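Comments concern the structure below.
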Amino acid sequence: MKLDPFYLIVDSADWIARLVPLGVRLVQLRIKNKAPAQLRAEIRTAKAICALNDCQLIVNDYWQLAIEEACAFVHLGQEDLEMADLGAIRAAGLKLGLSTHDDAELETAKAAKPDYIALGPIYPTILKQMKWSPQGPERLRTWKAHVGDLPLVAIGGLNVDRIEGVLSQGADSAAVVTDITLNPDPEARTRQWLAATAPWRTVEMPLGE
């Protein structure tokens, strides 16, 4: 399995409608604190937009809804992993991505046999308070040696200028949130990300095919 090198993370289907048609091939819908009915509506809308644009949708956290809505991929943090039914996720045919921040979490993630592993934060991030210090891009090379052929995602504090630094250190994909969503021109910034990751985009297909 191959990940697109540009991994967009947004918190609404509205963002997906704005940015995915620009050429985004991999997007995570990461929504917090919404009622189940709203979450389901957001997932359905996002899934429809992604299907029209050859983009792989990854649902963050809500694995039950992802199963019910016949999604293809779910991403879990370590706390979510503890409560998730991995058997149900696999039985439904969903692929699985997992977050890691230290050696213990890496071993826990590997034991779950995910389809990719994310490491962060690589740089300081304003997305949320974290108890882990920035890892630095050099840590990616160590992580990649541990995971082998398993795709590795770099996340945390990434911007266009830092893409080459993380991909050249062994990351298969660079995940971004605020560098795009807080940019004065998110569409232009998305195009910059697409152009900057183009040298690493060797297979033009949705994830999982």
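Residue 1365 is where the sequence shown starts when you use the numbering used here, and the numbers rise one by one after that. All C-beta atoms, glycine included, are put in the ideal place defined by N, C-alpha and C. All of these numbers come straight from a predicted model, not from anything done at the bench.
Contacts around L1383, its chain only, beta-carbon distance under 8 Å, and the 5 residues preceding and following it disregarded:
Counting from 1 along the sequence shown, the entry for residue 1383 is found at position 19. Counting only Cβ-Cβ distances below 8 Å, and skipping sequence neighbours, we find L1372, V1374, V1391, I1544, P1550, E1551 and T1554.
Using only CA atoms, which one of R1505, S1463, A1434 and L1450 lies nearest to G1441?
One-based indexing of the sequence shown puts residue 1441 at position 77. The candidate whose alpha carbon is nearest that of G1441 is S1463.
Helix, strand or coil for I1486 per DSSP?
Numbered from 1 along the sequence shown, position 122 holds the residue referred to as residue 1486. Looking at I1486 - three-state DSSP - the assignment turns out to be coil, as it is neither helix nor strand.
Any idea what DSSP makes of Q1392, helix, strand or coil?
Position 28 of the sequence shown holds residue 1392. The answer is strand: DSSP assigns Q1392 an E or B state.
Element boundaries [alpha helix (DSSP H), containing G1529]
To locate residue 1529, count along the sequence shown from 1; it is residue 165. Looking at the DSSP string, the run of the alpha helix (DSSP H) that includes G1529 is I1527 to L1531.
List the residues that DSSP assigns as beta-bridge partners of I1422.
The count along the sequence shown starts at 1 and reaches residue 1422 at position 58. Q1392.
Taking all protein chains shown into account, decide if P1501 is buried (16 or more other Cβ within 10 angstroms of its Cβ) or exposed.
By one-based count along the sequence shown, residue 1501 stands at place 137. By the neighbour-count rule (16 or more Cβ atoms within 10 Å), P1501 is buried.
Quick one: Cα of A1412 to Cα of A1377, how far?
Counting from one through the sequence shown, the residue named residue 1412 turns up at place 48. Counting from one through the sequence shown, the residue named residue 1377 turns up at place 13. For A1412 and A1377, the distance between alpha carbons rounds to 10 Å.
Can the beta-carbon of F1437 be found closer than 8 Å to that of G1457?
Counting from one through the sequence shown, the residue named residue 1437 turns up at place 73. Counting from one through the sequence shown, the residue named residue 1457 turns up at place 93. No. Outside cutoff.
Are at least three pairs of beta-carbons, each pair with one atom in the stretch 1514-1522 and one in the stretch 1476-1489, less than 8 Å apart?
yes
Three-state class that DSSP yields for L1504 in the structure shown:
Translated into the one-based positions of the sequence shown, residue 1504 becomes position 140. Here L1504 sits in helix by DSSP.
Would you decide whether S1497 is buried or exposed? Buried here means 16 or more other CB atoms lie within 10 Å of its CB.
Working through the sequence shown from its first residue, we reach residue 1497 at position 133. Burial call: exposed.
K1459 classed as buried or exposed, judged by whether at least 16 other C-beta atoms fall within 10 angstroms:
Residue 1459 sits at position 95 when you count from the first residue of the sequence shown. With 16 or more other Cβ atoms within 10 Å, it is buried.
G1451 classed as buried or exposed, judged by whether at least 16 other C-beta atoms fall within 10 angstroms:
Position 87 of the sequence shown holds residue 1451. The residue in question, G1451, is exposed, as its Cβ has fewer than 16 Cβ neighbours within 10 Å.
Distance, P1488 Cα to P1570 Cα
Against the sequence shown, residue 1570 aligns to sequence position 206. Against the sequence shown, residue 1488 aligns to sequence position 124. With a pLDDT of 45 at P1570, under the threshold of 50, the modelled position of that residue is not reliable, and no figure is offered here.
C-beta contact flag for A1560 and A1535 at 8 Å:
Here residue 1560 corresponds to residue number 196 of the sequence shown, with the count starting at 1. Here residue 1535 corresponds to residue number 171 of the sequence shown, with the count starting at 1. In this structure, A1535 does not lie closer than 8 Å to A1560 by Cβ.
Less than 7 Å between C-beta atoms, sequence neighbours within five positions excluded: which residues of the same chain meet that for W1564?
For the purposes of this step, residue 1564 is taken as residue 200 along the sequence shown, with counting starting at 1. P1369 and L1531.
Cβ neighbours of A1562 in the same chain (closer than 7 Å, five flanking residues each side left out)
By one-based count along the sequence shown, residue 1562 stands at place 198. For A1562, where only same-chain residues beyond five positions count, there are no Cβ hits under 7 Å.
Rounded separation between D1578 and R1503 - CA only
The structure shown does not extend to residue 1578, since the chain is modelled only from 1365 to 1573, so the question has no answer here.
Helix, strand or coil at I1519 according to DSSP, with G and I counted as helix
Numbered from its first residue, the sequence shown carries residue 1519 at position 155. DSSP places I1519 in coil when its eight states are reduced to three.
Could you check the C-alpha separation between P1548 and N1417 for me, to the nearest Å?
Within the sequence shown, numbered from 1, the residue matching residue 1548 stands at position 184. Within the sequence shown, numbered from 1, the residue matching residue 1417 stands at position 53. Using only the alpha carbons, I get a separation of about 24 Å.
What does the alpha-carbon distance come out to for the pair L1522 and L1421?
Along the sequence shown, read from residue 1 onward, the residue named residue 1522 stands at position 158. Along the sequence shown, read from residue 1 onward, the residue named residue 1421 stands at position 57. Roughly 20 Å between the two C-alpha positions.
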